[in-house]
Amino acid sequence: MKKFAWILAAAFAAPGLVLANDELNYNYVELGYLRADPDHLDSEDGVGLRGSFAISPNVHVFGGYDWDAIRRPHANLSGFDADAYRLGLGYNTGISDKVDFVGRVAWERIDIGSFDDDGYSAEVGIRAALAPSFEAGAALRHVDFDGSTTSLVLNGQYKFNSNWGISAEADINKDGNSFLVGPRLSF
-16 MKKFAWILAA
-6 AFAAPGLVLA
4 NDELNYNYVE
14 LGYLRADPDH
24 LDSEDGVGLR
34 GSFAISPNVH
44 VFGGYDWDAI
54 RRPHANLSGF
64 DADAYRLGLG
74 YNTGISDKVD
84 FVGRVAWERI
94 DIGSFDDDGY
104 SAEVGIRAAL
114 APSFEAGAAL
124 RHVDFDGSTT
134 SLVLNGQYKF
144 NSNWGISAEA
154 DINKDGNSFL
164 VGPRLSF
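Numbering (this note's numbering), first residue to last: -16 to 170.
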């Protein structure tokens, strides 16, 4: 993890050396079906709302809201809702004609039933324009509340045109996996 921190620090120190990839758009909003499979609970169905806005060629703000309906396994207890919020700042820079390095930090909040907590996340990864209508990415995301977890995040988007596409994301970690799929509007 320290190696990734040094890479991120070096990328922030040299923002003017390489411009962001023009084919990758950091201005979008997406709404999707969310499926989570946390350990020790039944699967959750929910909705995810995500967005990003470029404030310069190499810097973007991003945020998200996830709502899940959690069911308790093998119990006659009613389920409860889980709400997760994220607001952060990202840095992106081209490392080749079609690939960006992306680093992000964010404030995180979770509200599950009567429990709520604030934390932070940091992630480093790549985002690539593999074809004119397809992009994919991979990142390591570290999230810390009272405890911490590190996830492998895989994502992709198929673009119908310059504004509309379908996006998908998988967040894989030791505490369970989640998947999001839905339309994305890029602007």
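Even glycine gets a Cβ: it sits at the ideal position worked out from N, Cα and C.
Within-9 Å CB hit, residue i to chain C
i	result
residue 148	The structure shown has no chain C; it contains just one protein chain.
Which residues DSSP lists as bridging residue i, in chain order
i	result
residue 138	120 and 152
residue 163	17 and 152
residue 106	87 and 124
residue 78	According to DSSP, residue 78 bridges with nothing at all.
residue 96	In the DSSP output, where bridge partners are listed per residue, residue 96 has none listed.
residue 32	14 and 48
residue 168	12 and 147
residue 71	45 and 89
residue 131	127
residue 158	DSSP output for residue 158 lists no bridge partner at all.
Sub-9 Å separation of residue i and residue j beta-carbons
i	j	result
residue 111	residue 119	yes
residue 99	residue 91	no
residue 73	residue 164	no
Same chain, Cβ closer than 8 Å to residue i, neighbours up to 5 away in sequence not counted
i	result
residue 34	11, 12, 13, 45, 46 and 47
residue 166	13, 14, 15, 147, 148, 149 and 150
residue 109	78, 82, 83, 84, 85, 120, 121 and 122
residue 155	134, 135, 136 and 137
Between the CA atoms of residue j and residue i - distance to the nearest angstrom
i	j	result
residue 86	residue 71	11 Å
residue 77	residue 115	17 Å
residue 8	residue 169	7 Å
residue 37	residue 75	10 Å
residue 43	residue 89	12 Å
residue 117	residue 145	11 Å
residue 6	residue 140	13 Å
residue 103	residue 97	20 Å
residue 67	residue 127	13 Å
residue 93	residue 113	34 Å
residue 69	residue 49	9 Å
Beta-carbon contacts of residue i that lie in its chain and below 7 Å, excluding the five residues immediately before and after
i	result
residue 131	125
residue 157	132
residue 79	none
residue 52	27, 28, 29, 62 and 64
residue 129	100
Whole-number beta carbon distance between residue j and residue i, since they are thought to touch under 8 Å
i	j	result
residue 161	residue 17	7 Å
Neighbourhood of residue i by C-beta distance below 6 Å, restricted to the same chain and skipping five residues each side
i	result
residue -2	Residue confidence for residue -2 is low, a pLDDT of 42 falling below 50, so the modelled location carries little weight; the figure read from the coordinates is stated next. For residue -2, where only same-chain residues beyond five positions count, the Cβ hits under 6 Å are 41.
residue 95	65
residue 4	Legend: pLDDT at residue 4 = 45, less than 50; position of this residue unreliable, value from coordinates given subsequently. Contacts found: 77 and 83.
residue 152	138 and 163
residue 105	88 and 125
residue 142	116 and 148
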